[in-house]
Amino acid sequence: MTVNERGEEDVEHFYLSFNGLASLLGPSRKKFLGTICNEPVARDRVISTGAAIMACIQQNTDIVRVHDVKEMKKVVQMGDAIYKNIY
Numbered sequence: 001m002t003v004n005e006r007g008e009e010d011v012e013h014f015y016l017s018f019n020g021l022a023s024l025l026g027p028s029r030k031k032f033l034g035t036i037c038n039e040p041v042a043r044d045r046v047i048s049t050g051a052a053i054m055a056c057i058q059q060n061t062d063i064v065r066v067h068d069v070k071e072m073k074k075v076v077q078m079g080d081a082i083y084k085n086i087y
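The opening position of the sequence shown corresponds to residue 1 in full-length UniProt numbering, with each subsequent residue numbered one higher.
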């Protein structure tokens, strides 16, 4: 984070410094999914992970980190087809 002339953090400059770099998110099996979907056991969060991955694709995330590769590959293929016309 950079600091502007007034001594404030310059969030826009910080954000723009990542322009052109790939973005990576890893929502797979995370606790927030369990909280939202009432799934206390991490391995039971495959469907909620798929929904989160679809949201990542819709928001132009370049790379997603997942646990359930076989299942999430299908989610990514659908997300690419729907949001990026890649199929």
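Glycine included, each C-beta is placed from N, C-alpha and C at the ideal position.
- Between residue 23 and residue 49, the C-beta gap is not smaller than 8 angstroms, which leaves the two residues out of contact.
- Annotation for residue 35: the continuous alpha helix (DSSP H) segment containing it runs 31-37.
- The Cβ atoms of residue 46 and residue 68 lie closer than 8 angstroms to each other.
- Under DSSP, residue 63 shares a beta bridge with 24.
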